[in-house]
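S.K.: After the structure tokens below, expect a handful of questions from me.
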Amino acid sequence: MSYTANIDGYYGRFGGAYVPELLHHNVEELRLNYERIINSQTFQAEFRKLLQDYVGRPSPLYLAPRLSEHYACNLYLKREDLNHTGAHKINNTVGQILLAKSLGKKRIIAETGAGQHGVATATVCALMGLPCIVYMGAVDVSRQAPNVARMKFLGAEVRPVHSGSKTLKDATNEAIRDWINNPEDTFYIIGSVVGPHPYPDMVAYFQSVISEEMKTQLKEQTGSENPDAIIACVGGGSNAAGAFYHYLEKKEVKLIAVEAAGKGIDSGESAATSQLGTEGIIHGSRTLLMQDKYGQIIEPWSISAGLDYPGIGPLHAHLIDSGRAKAVSVTDQEALDAAALLARLEGIIPALETAHAFAALEKLSFGNKQHVVINLSGRGDKDLSTLIGKEHE
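Under this note's numbering, residues 682 to 1074 are what the sequence shown spells out, in order.
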């Protein structure tokens, strides 16, 4: 079984490009050109140089001694929180802004939930001197205020979205509407492995630097490129796609995708798509999504804005559906508890999204000689008010 996209952008039966006629030209232009551009020596040289000198890669792989003792296994943290802008999102935006320039696009739009992708997009737009508009749900604008301030200071225009649940899904809807209305000069930098082909494939490739580095770092530290398991949080799933990428065909490596259960799987306020979702189409691709019997989206819930999405990327839908990856769901409270534990044991404050990956350790069992990598996808500065507020409730 293959775990990479075929020529039509399908992972098994998930993926593809389901777009209105007005977007067909944009998506086709990208599909027909992206592989040629990103595989060119010129692109690769500039991309790799920016990852090293601007983003600060490689990010460390840190053996967390006190956390390892607590869970009785060897826990390695891939420190994406130490990247410029504080998360993995910058890997993808660097790649996409170079692609946009190669295609001659002069205006950049993006969607964001937790704000990390918005900050990363605003950052590379400032670097390249291009105007940037970021769509963000009004609820997320409120709960992720530090990242809103960062985007504005970097020169981006943040457009609050007041429709629907006023979160990530609705921000994505508005960004797509903008793209339809401005097809010629605009490039849409999608932040996760979602959307019509080639976005899921392209974003996974740009994030694959994470597992590329992990292989070398694990070899140096353990003598083997392969860990026993890799754990990563999944909303759309770009950080997980990057962490899994070079291990997809290595069946001996367990892949664990951690979703947001919100207030509980059966609470009616959850974002655990793999358990609650059914097959359908959202934002241009066929995947698993939370919907009612009429195909209407069921609003998700998560304390973490970046996981508050009613679907998952088609790659992850395929991995979970095929049994290659194991899905674990974590509640808001479990994520908060995991964030506090990591802070107290290792002096690292994770993003709320990332905290879900750590919370999964309470639901899993590993031997004391097993090597487990957790993708520490973002730092928690943006979530401090929530973390502190919940601790004192």
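In this text, a Cβ means the ideal position worked out from N, Cα and C, and glycines have one as well.
Which term fits LEU1068, buried or exposed, when burial requires 16 or more other beta carbons within 10 angstroms of its beta carbon?
M.R.: Buried, since its Cβ has 16 or more Cβ neighbours within 10 Å.
S.K.: Tell me whether TYR692 sits in a helix, a strand or coil according to DSSP, three-state version.
M.R.: Three-state result, TYR692: strand.
S.K.: Just the C-alpha distance for THR804 and GLN733, rounded to the nearest angstrom, thanks.
M.R.: If I take the Cα positions, the gap works out to 16 Å.
S.K.: Below 6 Å, is the gap between the Cβ of ARG858 and the nearest heavy atom of the ligand HEM?
M.R.: This structure does not include the ligand HEM; it has no bound ligands of any sort.
S.K.: Please give the ranges of any alpha helix (DSSP H) in the region 929–1013, keeping only runs that are unbroken, at least 4 residues long and fully inside the region.
M.R.: Listed in chain order, they are 954–957 and 995–1003.
S.K.: Comparing alpha-carbon positions, which option in LYS896, GLY1070 and ARG694 lies nearest SER740?
M.R.: Minimum Cα distance to SER740 is reached at LYS896.
S.K.: Which residues does DSSP list as the beta-bridge partners of LEU899?
M.R.: None; LEU899 has no bridge partner.
S.K.: Is VAL915 helix, strand or coil when you go by DSSP?
M.R.: DSSP places VAL915 in coil when its eight states are reduced to three.
S.K.: Compare the beta carbon distance of SER948 and TYR926 with 7 Å and say whether it is the shorter of the two.
M.R.: Their beta carbons are not under 7 Å apart, which means SER948 does not touch TYR926 by this criterion.
S.K.: By how many angstroms is the C-alpha of GLU980 removed from the C-alpha of VAL736?
M.R.: Those two C-alpha atoms are separated by around 35 Å.
S.K.: Tell me whether ARG729 sits in a helix, a strand or coil according to DSSP, three-state version.
M.R.: In the structure shown, ARG729 sits in a helix (DSSP, three-state: H, G or I).
S.K.: What's the call for PRO1031, buried or exposed, on a 16-neighbour Cβ count within 10 Å?
M.R.: Per the 10 Å Cβ criterion, buried.
S.K.: I'd like to confirm the pairing. Which residues does DSSP put opposite HIS1052 in its beta bridges?
M.R.: In DSSP, HIS1052 forms a bridge with ASN755.
S.K.: Helix, strand or coil for GLY1035, going by three-state DSSP, please let me know.
M.R.: One point to set straight first is that residue 1035 is Thr, not Gly, in the sequence displayed. Helix at THR1035.
S.K.: Leaving out the 5 sequence neighbours to the left and right, which residues in its chain are closer than 7 Å to GLY696 when beta-carbon positions are compared?
M.R.: Excluding positions up to five away in sequence, the list reads ALA686, GLY690, HIS878, PRO881, SER966, ARG967 and PRO995.
S.K.: Under a Cβ-count criterion, where at least 16 other Cβ atoms within 10 Å of its own Cβ denotes burial, should SER985 be classed as buried or exposed?
M.R.: Its Cβ being crowded by 16 or more others within 10 Å, SER985 is buried.
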